[in-house]
Every structure is written in structure tokens, then in C-alpha cells.
Amino acid sequence: MSNVVTIAKACKDEVRIRAINNTEMVQTARMTHDLAPTSCAALGRVLAMTSLMASDLENETGKVSITINGHGPCGTIVAEGNGKREVRGFVANPEVYLSREDGHLDVGRGVGIDGTLNVSKDLGMQNSTPFVGTVPLQTGEIGDDFAYYYALSEQVPSVVALGVLVDVDTTVACAGGILIQLMPFASEETIQCVEGILSKMKSVTEYLSSGKSMDDVILELFEDAVILDHMDMEWACHCSKDRFMNGLATLKNSDLEEIKREDHGATLKCEFCNHEYHVSEEEIDAILERKNACSK
121 MSNVVTIAKA CKDEVRIRAI NNTEMVQTAR MTHDLAPTSC AALGRVLAMT
171 SLMASDLENE TGKVSITING HGPCGTIVAE GNGKREVRGF VANPEVYLSR
221 EDGHLDVGRG VGIDGTLNVS KDLGMQNSTP FVGTVPLQTG EIGDDFAYYY
271 ALSEQVPSVV ALGVLVDVDT TVACAGGILI QLMPFASEET IQCVEGILSK
321 MKSVTEYLSS GKSMDDVILE LFEDAVILDH MDMEWACHCS KDRFMNGLAT
371 LKNSDLEEIK REDHGATLKC EFCNHEYHVS EEEIDAILER KNACSK
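Take 121 as the starting number for the sequence shown in this note's numbering and just add one per residue.
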């Protein structure tokens with residue numbers, strides 16, 4: 121099952137687990153943004169984590185936004201997920217291809233560590249204030265950085281394993297992520313059990329490339345694991361020309377006049393899906409007319 125979050129518990133309900141195989145989603149992102157391997161791996165890991173966080177939203181209008189900028193070659197990475205189980209994202213520089221001596225993609229160097237990981241969660245409830253947490257990047261490998269985020273911003277001891285395997289033809293062979301969290305009442309016995317499991321845990325891509333489902337992985341790691349639910353996630357972008365037109369309407373009249381005079385209109389592109397929208401001179405005139413009418 122691709123793009124499906126598996127929700128489980130283990131160790132007498134003292135450990136909660138969320139895992140996803142998001143191979144299909146990352147392949148869609150790769151094609152949408154024409155991603156080189158390291159850019160693809162970086163964005164794919166963030167998309168997996170965004171999916172896991174979005175699967176925890178109880179309200180359809182809830183939203184989680186993640187921004188990472190370690191001032192590495194990849195530049196800023198942005199991903200968004202919502203309570204409708206939709207995810208989208210982009211990386212500023214889609215052309216990064218860096219590898220380590222062992223042949224693996226060097227995501228850490230691509231992302232960099234001179235920056236921050238920012239998470240904004242809006243539960244989508246009336247009068248609720250979005251929670252915002254920001255932590256300095258630790259390794260740029262993204263999984264370690266999210267583990268640090270959970271420990272520092274949410275005070276939840278967590279293990280985050282993320283991975284993207286890019287094939288020689290640059291297609292996505294497999295991608296996914298696992299989030300393992302200790303509940304506040306976890307016993308010392310449970311903590312030691314989890315530490316033992318982690319010591320022999322394989323990489324996410326190693327499990328997925330062997331044909332295992334995320335259910336299989338969870339049940340292999342935790343003998344007493346109970347699968348609670350499955351949740352479909354999908355890549356989706358709901359940009360529209362109207363939204364971009366509303367954005368143009370926030371500009372000064374002089375700026376709109378300049379766009380009309382020098383560019384004879386405007387071409388706007390959505391960073392998330394690369395779809396382009398053309399706004400004609402006549403449409404800019406209509407925006408100006410509406411603004412002038414509202415100002416009277």
C-alpha cells in the first residue's frame with residue numbers, strides 16, 4: 121500500500137507508532153518538480169514526515185506546515201499537509217545531486233545545518249492558535265532533526281526514521297518513514313525494550329526494497345504491536361487563478377500599473393505544483409476597478 125499511514129501501538133500501549141510508504145507521492149513530486157536525486161531524497165523525507173503529522177490531525181480544516189532551511193545547496197524545503205490527508209511540497213533548488221563516499225545520497229550536505237526546522241500546526245478549531253516550534257538543525261539528514269524537534273518542542277521522546285531510495289534512472293524505487301514515540305507514562309522496561317529494538321533496526325528503504333509493507337515492519341520490530349488503523353494520504357495542490365488574483369489585489373495600484381505597462385500582464389507559477397496562470401491586462405484593469413470602487 122503506497123501513501124498509506126499505518127497507525128499502531130505496542131509495549132502495553134506505552135509506545136505509539138505511525139509509519140508510511142510514500143513511494144508514489146515522492147515519485148509524483150519528482151516528476152512535478154523534475155528533481156535530481158539528492159533534492160528528491162530531501163523533499164521525499166520531508167513529505168513522509170508531513171504525512172505522518174497530518175495523519176494526526178482530527179479536524180479536516182487542520183493544517184501542518186514544515187519549513188527547513190539549512191543554507192545548503194538544496195535551499196529552503198517547504199511541505200504542507202491538512203486534515204483531509206492531502207500533502208504537497210517543494211524544494212528551492214531541484215537540481216542537487218550529492219553523494220557520499222559509500223555511494224549513498226548526501227542529504228545532510230544538501231540540506232545543511234546552518235539553519236532551522238520550523239513546524240506550524242493549526243488544529244483547525246475555532247479560536248485556536250496555531251502551535252509553532254522552531255529548532256536548530258542537527259545533521260540535515262531530516263530524521264535526526266525531527267527527533268530533536270519532538271524532544272525539544274513537544275517533549276516527546278521519539279525515533280524518526282526516514283528514507284528515499286532513488287534508482288539509477290532517477291525514478292523513486294521506494295520511500296517512507298517511521299515515527300516511534302514513547303508515551304509519558306512509559307516504564308523503564310519499555311524504554312529499554314525500545315532501545316534494544318533500535319539497535320537492530322534496519323533503514324526504512326532496506327525494509328521497503330525487500331517488499332515488506334509498513335504493517336510487516338511494525339510487527340517485525342514489536343512482537344506485541346497492534347495495528348489500529350490505516351489512513352490514505354495523497355499528493356494534492358488546490359492552487360487556483362482566483363487565489364493568485366486575490367494576491368495581486370493586495371499590491372499597490374502603482375505596482376499593478378507597472379506590471380500592466382511593462383509586462384502587459386503577469387504570469388504566476390505555483391511553487392507547489394508548477395502550474396502557471398496568466399493574468400491579462402484586462403484582468404489587471406478589473407482588479408484596479410474593484411480596488412478603486414472599494415476605496416470610495
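The beta-carbon is built from N, C-alpha and C at its ideal position, and this holds for glycine as well. Note that the structure is a prediction, hence the values are computed from the model and not measured.
Distance, Cα to Cα, residue i vs residue j?
| i | j | result |
| --- | --- | --- |
| L237 | Y268 | 10 Å |
| Y327 | I317 | 15 Å |
| V166 | P250 | 20 Å |
| T143 | D362 | 32 Å |
| K372 | N412 | 11 Å |
| A102 | S333 | With the chain covering 121 to 416 only, the question about residue 102 has no answer from this structure. |
| F392 | P304 | 37 Å |
| N202 | T181 | 7 Å |
| P214 | D154 | 7 Å |
| E315 | V324 | 17 Å |
| V276 | E308 | 15 Å |
| C390 | E343 | 45 Å |
| A386 | I188 | 29 Å |
| E396 | T370 | 19 Å |
| D375 | S360 | 22 Å |
| L348 | V280 | 20 Å |
| N123 | E402 | 43 Å |
| C357 | L388 | 15 Å |
| L243 | E221 | 43 Å |
| D176 | M245 | 14 Å |
Starting from the C-beta of residue i, find all residues in its chain whose C-beta is less than 7 Å away, skip the five residues before and the five after it, and write them out in chain order.
| i | result |
| --- | --- |
| T259 | G228, I233 and D265 |
| W355 | M145, T148, A149, V207 and R208 |
| Y217 | A156, P157 and T158 |
| S329 | L285, A293 and C294 |
For residue i, which residues of its own chain have a beta-carbon under 8 Å away from its beta-carbon, when the five flanking residues on both sides are left out?
| i | result |
| --- | --- |
| E377 | L408 |
| T310 | C131, K132, E134, V135 and L302 |
| V292 | T143, V146, Q147, R150, C160, G164, V284, L285 and V286 |
| D405 | K380 |
| L257 | I188, G190, V231, G232, I233, D234, G235, T236, L237 and D265 |
| N394 | T152 and H153 |
With distance defined between alpha-carbon atoms, name the residue in the options nearest to residue i.
| i | options | result |
| --- | --- | --- |
| E178 | D133, G316, K204 and E401 | K204 |
| I338 | I140, E134, H398 and A174 | I140 |
| G235 | G192, D133 and A293 | G192 |
| E200 | G297, S185, S323 and V211 | S185 |
| E340 | M353, D349, A356 and K322 | K322 |
| S219 | E396, Y397, H398 and A156 | A156 |
| G164 | L348, K389, G296 and G223 | G296 |
| S278 | R138, S122, N123 and R410 | R138 |
| E274 | A306, A281, L257 and K241 | K241 |
| I197 | E221, A168, A174 and A162 | A162 |
| D383 | K389, T370, N394 and V399 | V399 |
| G230 | G195, V288 and A369 | G195 |
| A168 | T370, Y397 and D352 | D352 |
| L299 | D289, A306 and G263 | G263 |
Which word fits residue i, buried or exposed, when buried means at least 16 other C-beta atoms lie within 10 angstroms of its C-beta?
| i | result |
| --- | --- |
| L285 | buried |
| N247 | exposed |
| N312 | At residue 312 the sequence reads Gln, which differs from the Asn that was named. When all chains shown are included, Q312 counts as exposed. |
| N366 | exposed |
| L172 | buried |
| T126 | buried |
| I225 | According to the sequence shown, residue 225 is Leu rather than Ile. Burial call: buried. |
| T158 | buried |
| L282 | buried |
| A271 | exposed |
| V346 | exposed |
| K183 | buried |
| S86 | Nothing about residue 86 can be reported from this structure: the residues present for the chain run from 121 to 416 only. |
| T290 | exposed |
| V288 | exposed |
| V211 | buried |
According to DSSP, residue i sits in a beta bridge with which residue or residues?
| i | result |
| --- | --- |
| V184 | G201 and K241 |
| S175 | DSSP lists no partner for S175. |
| N142 | None; N142 has no bridge partner. |
| D349 | I127 |
| S219 | L225 |
| A295 | V284 |
Cutting at 6 Å between CB atoms, please list the residues of its own chain near residue i, excluding the five before and the five after it.
| i | result |
| --- | --- |
| T254 | T236 and N238 |
| E261 | V227 and G228 |
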